[in-house]
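Structure record follows, encoded as structure tokens.
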Amino acid sequence: MKIKKKCVGEQDKKESPGSGPNQRGMIVAHHGIAVDILFESGERRMVKVKRRAGHVVGDNVIVKNHRLTRLPRRTKLCRRDSRGSVRIVGANLDVLGIVVSPMPMPTPGYIDHAVVAAREAELRPVLVINKCDLEDAQPFVADLTAVYGKILDIFVVSANTGEGLDALTLYLGQGVRSFFVGITGVGKSSLLNAICPSLDLRVGELFTAGNRGCNTTTVSTLHSLPGGGELVDTPGFNEFGFVDISTDDLAGFFPGFEAAMEDHCHFRDCCHRTEPGCAVSKLVESGGISRERYATYLELFDQILAGDARFKIRR
Ligand code: GDP
Ligand code: ZN
Numbered sequence: 006m007k008i009k010k011k012c013v014g015e016q017d018k019k020e021s022p023g024s025g026p027n028q029r030g031m032i033v034a035h036h037g038i039a040v041d042i043l044f045e046s047g048e049r050r051m052v053k054v055k056r057r058a059g060h061v062v063g064d065n066v067i068v069k070n071h072r073l074t075r076l077p078r079r080t081k082l083c084r085r086d087s088r089g090s091v092r093i094v095g096a097n098l099d100v101l102g103i104v105v106s107p108m109p110m111p112t113p114g115y116i117d118h119a120v121v122a123a124r125e126a127e128l129r130p131v132l133v134i135n136k137c138d139l140e141d142a143q144p145f146v147a148d149l150t151a152v153y154g155k156i157l158d159i160f161v162v163s164a165n166t167g168e169g170l171d172a173l174t175l176y177l178g179q180g181v182r183s184f185f186v187g188i189t190g191v192g193k194s195s196l197l198n199a200i201c202p203s204l205d206l207r208v209g210e211l212f213t214a215g216n217r218g219c220n221t222t223t224v225s226t227l228h229s230l231p232g233g234g235e236l237v238d239t240p241g242f243n244e245f246g247f248v249d250i251s252t253d254d255l256a257g258f259f260p261g262f263e264a265a266m267e268d269h270c271h272f273r274d275c276c277h278r279t280e281p282g283c284a285v286s287k288l289v290e291s292g293g294i295s296r297e298r299y300a301t302y303l304e305l306f307d308q309i310l311a312g313d314a315r316f317k318i319r320r
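Residues 6 to 320 in the working numbering are what the sequence shown spells out, letter by letter.
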């Protein structure tokens, strides 16, 4: 069923929800100067907002007299844009799907970085290995399973053949709200189209309701999946940056450090770099974590030290 959308403007204020008693709903798309709200009544309608109001897809809101009040967020996933400003990608998300493929391979440290970002935002990271139909997929899948099998849920899928998609759909269908990241070319769009055929990833939805200024490309959209669960899609989102993370928190979020964190280092405020009696160093020495991945930790540590995390959330 196609849902008719309308932009609440001057002419139709009287008949719109939100003009009467409190109406509770959720933002399902953001168009810059208006948000598309799915109300608890099942009705879906546009409500104008100030451009800088800071509302994002996934926000629960109350609308009364055309004024929108945002309810507290359970989680928020942030990214840093090219100008260094921090933007919230989606609110009340549960899962970060980290999509990788044997071709193109993830850049070094990509998965660890994504896991840290997910954990920082209190999202559950899951690894989605796409293009398992490719000839050279097997060793790639085996390597990743060896490294992350005990740490993350892993889904081995092919958007092309449909292999593994049932398990992924079932997982997402448990009622989770997810967001997928992956470098360009891993098949993220293909995958999202395969699990949600009604998705139109390339062009944001346009809507016309006779109100000037309402025709804006959709920035971010929340889709209900046919098998249950929800998915937030933000066109062009591949990279993410740290926001409120401190160097003290990094090791606790870093995948593969879990055992070392329980072991305790000699110094309570150990940064796991050059300190003696460091449990992480011991883990590296014993081969419990590869030197490449430890190097990723050190790089992320330096990035945070350099002040990458100091940008404030744009309101
Ligand atoms: P995105 O940049 O991550 O959104 O990737 P796309 O979905 O645009 O896909 C990039 C390329 O990978 C396209 O040529 C797709 O046809 C191809 N592709 C996507 N999924 C699969 C898959 O499961 N198997 C294979 N062999 N190719 C795929
Ligand atoms: Zn240490």
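Beta carbons are placed, not taken as given, at the ideal position from N, Cα and C, and that holds for glycine.
For residue i, I'd like the list of residues in its chain whose CB is within less than 6 Å of its CB, leaving aside the five on either flank, ordered along the chain.
i: Ala300; result: none
i: Arg320; result: Low local confidence applies: a pLDDT of 27 at Arg320 is under 50, so the model's placement there is unreliable, with the coordinate-based value given in what follows. Closer than 6 Å at Cβ, skipping near neighbours: Gly59.
Are residue i and residue j touching if we call contact CB-CB under 8 Å?
i: Phe259; j: Asp117; result: yes
i: Val162; j: Cys137; result: yes
i: Val121; j: Leu255; result: yes
i: Leu132; j: Leu149; result: yes
i: Ala142; j: Pro130; result: no
i: Val40; j: Ser106; result: no
i: Val61; j: Ser225; result: yes
i: Gly102; j: Ser183; result: yes
i: Leu82; j: Ala126; result: yes
i: Leu68; j: Val91; result: Here the sequence assigns Val to residue 68, which means Leu is not the residue at that position. Cβ distance not < 8 Å, so Val68 and Val91 don't count as in contact.
i: Leu128; j: Leu98; result: yes
How long is the line joining the alpha carbons of residue i and residue j, rounded to whole angstroms?
i: Glu280; j: Arg79; result: 37 Å
i: Cys219; j: Ile93; result: Low local confidence applies: a pLDDT of 37 at Cys219 is under 50, so the model's placement there is unreliable, with the coordinate-based value given in what follows. Taking the straight line from one Cα to the other gives about 22 Å.
i: Cys276; j: Val104; result: 30 Å
i: Gln179; j: Gly282; result: 43 Å
i: Gly293; j: Val66; result: 46 Å
i: Glu267; j: Asp274; result: 14 Å
i: Arg278; j: Ile250; result: 18 Å
i: Leu197; j: Thr239; result: 12 Å
i: Leu76; j: Leu230; result: 24 Å
May I ask you to check if the CB of residue i is nearer than 7 Å to at least one heavy atom of the ligand GDP?
i: Leu139; result: yes
i: Asn65; result: no
i: Val186; result: no
i: Val191; result: yes
i: Glu27; result: Checking the sequence shown, residue 27 turns out to be Asn, not Glu. Not so, every heavy atom of the ligand GDP lies at least 7 Å from the Cβ.
Is residue i near the ligand ZN, with its Cβ less than 7 Å from a heavy atom?
i: Cys201; result: no
i: Ala284; result: yes
i: Glu267; result: no
i: His277; result: yes
What does a CB cutoff of less than 8 Å around residue i pick up in its chain, not counting 5 residues either side in sequence?
i: Arg56; result: Gly37, Ile38
Just to confirm my understanding: we take residue i, look at its own chain, exclude 5 residues before and 5 after, and list those with CB closer than 7 Å. What are they?
i: Ala151; result: none
i: Asn27; result: Ile67, Lys69
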